[in-house]
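Protein chains in written order, with the working numbering: chain V, 8 to 421; chain E, 344 to 571.
Glycine included, each C-beta is placed from N, C-alpha and C at the ideal position.
Down below is the structure, laid out as structure tokens.
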Amino acid sequence: MKLSVNTEIALTYLSARKKQTAVAAMGVMFGISMFIFMQSLMKGTNDYFEQQSFNTMPHIHIYSENKLANTHLMDNYLKDSSLKLLVNPKMVPQPTGLINPVGIIEVIKHDSEVVAVTPQVTANVFYNSGNIQLNGVVVGVNIIEENKMFDLKNDMVMGSLDDLEKISNGIVIGKGIADKLSLHVGDIITLAAATGGTQTMRIVGIFSTTIMQTDNSKSYANIAQVQTLLGKNRSYVTDIMVNIKDYNRAPAVAKKLATITGYKAEDWVQANESLKAAFKIRAVILNSVIGVILLVAGFGIYNILNMTIYEKIKEIAILKAIGFSGPSVTSIFLQQAIYIGIMGGIVGIGVGFGLTYMVSRIYIGAGSLKYLPMSFYVPHYIEAVLFGILTTIAAGYFPARKASKVDPVSIIRG
Amino acid sequence: MTDIALKAKGITKYFYDPVKFPALKNIDLEVNKGEFVSIVGKSGCGKSTLLYVLSTMDTDYEGELLINGTMVTGKSLNDLAAIRNGSIGFVFQFHYLLPDFSCLKNVMIPALRLGKLSPKEIEAKAYEKLKMFGVEEQALKKANKLSGGQQQRVAIARALINDPAIIMGDEPTGNLDSKNTGVVFDLFQQLSKEFGQTLVTVTHDEDFAKRSDRIIVMADGEVQSHGR
Ligand SMILES: Nc1ncnc2c1ncn2[C@@H]1O[C@H](COP(=O)(O)OP(=O)(O)O)[C@@H](O)[C@H]1O
Ligand SMILES: [Mg+2]
Numbered sequence: 008m009k010l011s012v013n014t015e016i017a018l019t020y021l022s023a024r025k026k027q028t029a030v031a032a033m034g035v036m037f038g039i040s041m042f043i044f045m046q047s048l049m050k051g052t053n054d055y056f057e058q059q060s061f062n063t064m065p066h067i068h069i070y071s072e073n074k075l076a077n078t079h080l081m082d083n084y085l086k087d088s089s090l091k092l093l094v095n096p097k098m099v100p101q102p103t104g105l106i107n108p109v110g111i112i113e114v115i116k117h118d119s120e121v122v123a124v125t126p127q128v129t130a131n132v133f134y135n136s137g138n139i140q141l142n143g144v145v146v147g148v149n150i151i152e153e154n155k156m157f158d159l160k161n162d163m164v165m166g167s168l169d170d171l172e173k174i175s176n177g178i179v180i181g182k183g184i185a186d187k188l189s190l191h192v193g194d195i196i197t198l199a200a201a202t203g204g205t206q207t208m209r210i211v212g213i214f215s216t217t218i219m220q221t222d223n224s225k226s227y228a229n230i231a232q233v234q235t236l237l238g239k240n241r242s243y244v245t246d247i248m249v250n251i252k253d254y255n256r257a258p259a260v261a262k263k264l265a266t267i268t269g270y271k272a273e274d275w276v277q278a279n280e281s282l283k284a285a286f287k288i289r290a291v292i293l294n295s296v297i298g299v300i301l302l303v304a305g306f307g308i309y310n311i312l313n314m315t316i317y318e319k320i321k322e323i324a325i326l327k328a329i330g331f332s333g334p335s336v337t338s339i340f341l342q343q344a345i346y347i348g349i350m351g352g353i354v355g356i357g358v359g360f361g362l363t364y365m366v367s368r369i370y371i372g373a374g375s376l377k378y379l380p381m382s383f384y385v386p387h388y389i390e391a392v393l394f395g396i397l398t399t400i401a402a403g404y405f406p407a408r409k410a411s412k413v414d415p416v417s418i419i420r421g
Numbered sequence: 344m345t346d347i348a349l350k351a352k353g354i355t356k357y358f359y360d361p362v363k364f365p366a367l368k369n370i371d372l373e374v375n376k377g378e379f380v381s382i383v384g385k386s387g388c389g390k391s392t393l394l395y396v397l398s399t400m401d402t403d404y405e406g407e408l409l410i411n412g413t414m415v416t417g418k419s420l421n422d423l424a425a426i427r428n429g430s431i432g433f434v435f436q437f438h439y440l441l442p443d444f445s446c447l448k449n450v451m452i453p454a455l456r457l458g459k460l461s462p463k464e465i466e467a468k469a470y471e472k473l474k475m476f477g478v479e480e481q482a483l484k485k486a487n488k489l490s491g492g493q494q495q496r497v498a499i500a501r502a503l504i505n506d507p508a509i510i511m512g513d514e515p516t517g518n519l520d521s522k523n524t525g526v527v528f529d530l531f532q533q534l535s536k537e538f539g540q541t542l543v544t545v546t547h548d549e550d551f552a553k554r555s556d557r558i559i560v561m562a563d564g565e566v567q568s569h570g571r
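This is the structure we're talking about:
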């Protein structure tokens, strides 16, 4: 291979001061590996929490919302909207049940982006066992469809979710409820709805999520059972849960479904605003840490080059005397910076990956979270290399320019 | 084409430290192609200063400088670097090799920069030059492992590698014994006679000066005698 003479000189200078070169490269290595590690940790946990929220939350949730009273009908009738018929409009309660849920579900199912639709009936209830009462929410579901949509099985700690299918008055309760009422699988529990109805149910399973509030209040039962509890017929549905192909498209699809159905369609981003805000704050913190590390690495390179130039000023003068132009000298020193960057970058990628892998094997076993969620995401590695190269070039540029400006005579004359 | 390799017209140079004073005063000078010229004069009379101007390294002067009939005064620094690389070989007063490189590499570097020959050809040529001065055995040693005299001979070899039209030396034999001074002189004479290369050397060696084609005598920043 034929190296250009500038490259040859750059490499000779680097190998003539191996220790300093290694230290500078280590700075870059540290910056790049931390970049990769931090990004992997952040994306890993963000993805985990997002995924976790999809265990109990659909991409889009359709329900009936109370509306503000308006006078559109009256205005139409009077053919005059200038008259203020209502001065202080109040919220008008809407029936919690959706009108024609079967029709709505049929329509939603035909959307090409939708992958799963399931109806639910939610009811506020009191859980009764012995003399103790506990309030909470029972969700009436079609367990087969529900299971396709949410990873409920993963949260089960006792009993089996599938038993809901076999036992029509079966119920799966949160671990908090089970503990507070001292209930086990196979025990009987009575549910009392706010509207007056009661149902006696048999516990077929107990689940535990990472969210305590859910564990303390929520239970799942067959949809028919909850309809009966509320004294409603089989077409009574309060909520429709929708999952789509790409959950990042949820806000757009939700908008479309809201127009089609005429009901409130809430996407997971809206429902999860605090989660998203937390992601953003963490991103800012981590990016500043990475920025500082890369800055320090940049200073390392800047430093070694400045020192080299200070020590080699006579040689720079000779190079210029024997015909090296300013740009050639710039290239010699900039190349040194780039090689330091490349060395640090290659090792940094390895160390970053190794660190990420090692941490992903650390067992933590908190709830359903067995290992630290780390992501192995190729763009992080590409970004790290790009940032590394940018840092080295920025750090090398100024010393290299200084070197190119050396006046040969004033040095050689002494 | 002209027969004049080097022409200086009214070169004046001031130093400002500690006070403004003229180191070169209105110097007119002509050196023909293939001529072997010596510049002599007392220490401090401005010989080195003049040589730096003639070599295009120093651009801070008044007057005009022509190399092979081409005006070089006012050219950009990059153009001047290219001229030095291809047409001028310079031997400094204090040898000045690059200490991190082998002697061979030191000799090769100007030719690698010029890029006219392949690295293989350049290496062969560099060996040949080192052999001429009897330092081929040191070829692979680091430059800073050599004695002063050996380093100076390597530096002369480096000045010759690109077959420059003009070779300038600031006391190029200052560090050499009489035997090696003889070798260098004979070689310089051969370069001027056989290859038509122009030589301008500052020297304190009277014998060396007398045997060259012409002696230019300097005193106090002026040319006292052009020797013809
Ligand atoms: N960098 C400098 N700053 C100020 N004066 C200088 C500098 N270099 C040389 N001189 C002065 O210029 C004069 C000529 O110096 P120089 O050309 O080195 O003399 P020579 O080579 O003939 O011995 C001397 O008086 C010297 O002191
Ligand atoms: Mg001198």
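Could you tell me whether the stretch 62–70 of chain V touches the stretch 323–343 of chain V, where touching means 3 or more Cβ pairs closer than 8 Å? Fewer than three beta-carbon pairs drawn from the stretch 62–70 of chain V and the stretch 323–343 of chain V are found closer than 8 Å, and the two stretches are therefore not classed as touching.
Report the neighbours of E:R427 on chain V: residues whose CB is nearer than 8 Å to its CB, in chain order. The contacting residues are A328, I329, G330.
Contact check, V:S40 vs V:G355 under 8 Å by CB: the rounded distance? Their Cβ separation, rounded to whole angstroms, is 4 Å, which keeps V:S40 and V:G355 in contact under 8 Å.
Check whether the Cβ of E:D360 lies closer than 6 Å to any heavy atom of ligand 1, and answer yes or no. Yes, the Cβ of E:D360 comes within 6 Å of a heavy atom of ligand 1.
V:N135: which of V:G104, V:K409, V:A201 sits nearest, CA to CA? Measuring from the Cα of V:N135, the nearest candidate turns out to be V:A201.
Cβ neighbour criterion (16 or more within 10 Å) applied to E:V496: At residue 496 of chain E the sequence reads Arg, which differs from the Val that was named. It is buried - the Cβ of E:R496 has at least 16 other Cβ atoms within 10 Å.
Less than 7 Å between the beta carbons of V:V210 and V:I180, yes or no? Contrary to the premise, residue 210 of chain V reads as Ile rather than Val in this sequence. Yes, they are a contact pair.
Partners in chain E for V:R420, counting only beta-carbon separations shorter than 9 Å: Result: S391, T392, Y395, D401.
Just by C-beta distance, which residues in the stretch 20–51 of chain V are closer than 7 Å to chain E? Cβ contacts with chain E: Y20, A23.
Could you tell me which chain E residues have their CB closer than 8 Å to the CB of V:P334, listed as they occur along the chain? At a beta-carbon threshold of 8 Å, the residues of chain E lying near V:P334 are N421, ordered along the chain.
By how many angstroms is the C-alpha of E:N449 removed from the C-alpha of V:M8? Only weak support is given to the placement of V:M8: the predicted model assigns it a pLDDT of 45, under 50, and the question is left unresolved by the model.
Checking contacts by CB at 7 Å: is E:A424 closer than that to chain V? At a cut-off of 7 Å, the C-beta of E:A424 has a neighbouring C-beta in chain V.
Mind listing the chain V neighbours of E:L441? Cutoff is C-beta to C-beta under 7 Å, in chain order. Under the 7 Å cutoff, chain V gives E322, I325.
Go ahead and pull the three-state DSSP assignment for V:V303. In the three-state scheme derived from DSSP, where H, G and I count as helix and E and B as strand, V:V303 is classed as helix.
Mind listing the chain V neighbours of E:I452? Cutoff is C-beta to C-beta under 9 Å, in chain order. V12, E15, I16, L326, I329, F331, listed in chain order.
Where V:Q127 and V:E280 are concerned, what is the direct C-alpha to C-alpha distance, given to the nearest angstrom? Each residue's Cα considered, the two are about 23 Å apart.
Proximity below 7 Å, CB of E:K385 to CB of E:L367: The answer is no: Cβ separation not under 7 Å.
Please give the ranges of any beta strand (DSSP E) in the stretch 125–150 of chain V, keeping only runs that are unbroken, at least 3 residues long and fully inside the region. For the stretch 125–150 of chain V, whole beta strand (DSSP E) runs of length 3 or above, ordered along the chain, are 139–148.
Within its chain, find whatever has a CB closer than 8 Å to the CB of E:D403; leave out the 5 residues flanking it on each side and keep chain order. Closer than 8 Å at Cβ, skipping near neighbours: K356.
Tell me whether V:M8 sits in a helix, a strand or coil according to DSSP, three-state version. Caution is warranted here: a pLDDT of 45 is assigned to V:M8, below 50, making its placement in the model unreliable, and no coordinate value can be reported.
Any non-hydrogen atom of ligand 3 within 6 Å of E:S391 CB: Only ligand 1 and ligand 2 can be found as ligands here, which leaves ligand 3 out of the picture.
Neighbourhood of E:F476 by C-beta distance below 7 Å, restricted to the same chain and skipping five residues each side: Residues R496, I499, A500, V526 of the same chain have their beta carbon placed closer than 7 Å to that of E:F476, with the five preceding and five following residues left out of the count.
Just mark V:N229 as buried or exposed, buried being the case when its beta carbon has 16 or more other beta carbons within 10 Å. Under a 10 Å Cβ-count criterion, V:N229 is classified as buried, with 16 or more other Cβ atoms of the shown protein chains found around its own Cβ.
Could you tell me whether any Cβ in chain E is nearer than 7 Å to the Cβ of V:P386? Not closer than 7 Å to any Cβ of chain E, the Cβ of V:P386 fails to qualify, so no.
Near-chain V residues of the stretch 357–391 of chain E (beta-carbon distance less than 8 Å), N- to C-terminal order: Those residues of the stretch 357–391 of chain E that come within reach of chain V (Cβ to Cβ, closer than 8 Å) are S391.
Going by DSSP in three states, E:G525 sits in which element: helix, strand or coil? It is helical.
E:C388: CB within 6 Å of a non-hydrogen atom of ligand 1: In this structure, E:C388 has its CB closer than 6 Å to one or more heavy atoms of ligand 1.
When you compare the CB of V:P406 with every CB in chain E, is at least one pair closer than 7 Å? V:P406 does not count as touching chain E.
If you pair each beta-carbon of the stretch 477–493 of chain E with each one of the stretch 431–445 of chain E, do three or more pairs fall below 8 Å? Contact annotation: the stretch 477–493 of chain E touches the stretch 431–445 of chain E, with at least three C-beta pairs closer than 8 Å.
Quick one: what's got a C-beta closer than 8 Å to E:E466's C-beta in the same chain, skipping five residues either side? Counting only Cβ-Cβ distances below 8 Å, and skipping sequence neighbours, we find L447, M451.
Got a sec: is the Cβ-Cβ distance from E:R571 to anything in chain V below 7 Å? With 7 Å as the cut-off, E:R571 does not count as an interface residue toward chain V.
Under a CB-based cut-off of 7 Å, is E:R456 close to chain V? Nearest CB-CB separation between E:R456 and chain V: below the 7 Å threshold.
Apart from the five residues just before and just after V:A284, which ones in its own chain have a Cβ nearer than 6 Å to its Cβ? Contacts found: none.
Is any heavy atom of ligand 1 found at a distance shorter than 6 Å from the C-beta of E:A366? With a cut-off of 6 Å, the C-beta of E:A366 is classified as near ligand 1, since at least one heavy atom of the ligand falls inside that distance.
Please confirm whether V:P258 has its beta-carbon closer than 7 Å to some beta-carbon of chain E. For V:P258, the answer is no, since every Cβ of chain E falls outside 7 Å of its Cβ.
Per DSSP, V:A228 is paired with what? DSSP, once it has assigned bridges, lists V:G147, V:I178 as partnering V:A228.
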